[in-house]
Amino acid sequence: MWISFKLIRTEDLYRDTNQQICRQLYLPRMTLVGFEEEIRRVSGSTKPMVIVSGLFYWHEMDLGTLDDNSSFLIHESEDSLPVSYVEEEENGFDKAIQAIRHELNLN
């Protein structure tokens with residue numbers, strides 16, 4: 001399964017940024033462990049990872065429902081590695097940014 005992603009810097013959480021998500025990684029099997037390993041590899045982070053979608057946390061069963069080419073935003077904070085699912089709708093990118101900000105208590 002192919003997953004699209006974009007690494008988001010802290011300053012991009014507060015301003016309009018390019019919404020193009022152009023990097024991809026391949027996961028032979030969609031498992032939470034495999035997903036976490038690949039996200040850590042591409043981000044270069046060993047911090048605790050949390051997967052969010054809107055105001056909800058994701059678990060392994062949620063990852064199993066993804067379509068090929070699902071998109072995520074990745075942000076490395078001081079304490080954690082929030083990974084936010086980008087919904088396939090007009091304001092999906094903005095919702096993903098908001099989910100990261102909410103997770104980091106930046107709202």
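Just so we're aligned: 101 in the UniProt record's numbering is position 101 of the sequence shown, and the numbers increase by one with no gaps anywhere.
All C-beta atoms in this analysis are idealised placements derived from N, C-alpha and C, irrespective of residue type, glycine included.
Apart from the five residues just before and just after residue i, which ones in its own chain have a Cβ nearer than 7 Å to its Cβ?
i	result
L7	S43, I74
Q24	W2, I3, S4
K95	G54, E87
Look up residue i in the DSSP assignment and give the residues it is bridged to.
i	result
W2	Y26
S84	V52, L73
L7	I74
Would you mind reading off the limits of the alpha helix (DSSP H) that contains residue i?
i	result
I100	92 to 103
Give me, in chain order, the residues of the same chain whose beta-carbon lies closer than 6 Å to that of residue i; leave out the 5 immediate sequence neighbours on both sides.
i	result
D68	M1, W2
A99	V52, G54, S84
The beta strand (DSSP E) spanning residue i covers which residue range?
i	result
I39	It is not in any beta strand (DSSP E) - I39 instead sits in the alpha helix (DSSP H) that spans 32 to 43.
S53	49 to 53
S70	70 to 74
My assumption, with CB atoms under 8 Å, is that residue i sits in contact with residue j. Please give the rounded CB distance.
i	j	result
S71	V52	Their Cβ separation, rounded to whole angstroms, is 14 Å, which puts S71 and V52 out of contact at 8 Å.
S45	L81	5 Å
L13	L106	7 Å
For residue i, tell me which candidate among the options has the shortest Cα-Cα distance.
i	options	result
D79	E90, E36, V50	V50
S84	Y57, E90, R40	Y57
Near residue i, which residues of its chain fall below 8 Å by C-beta distance, leaving aside the five closest residues on each side in sequence?
i	result
R40	T46, M49, L81
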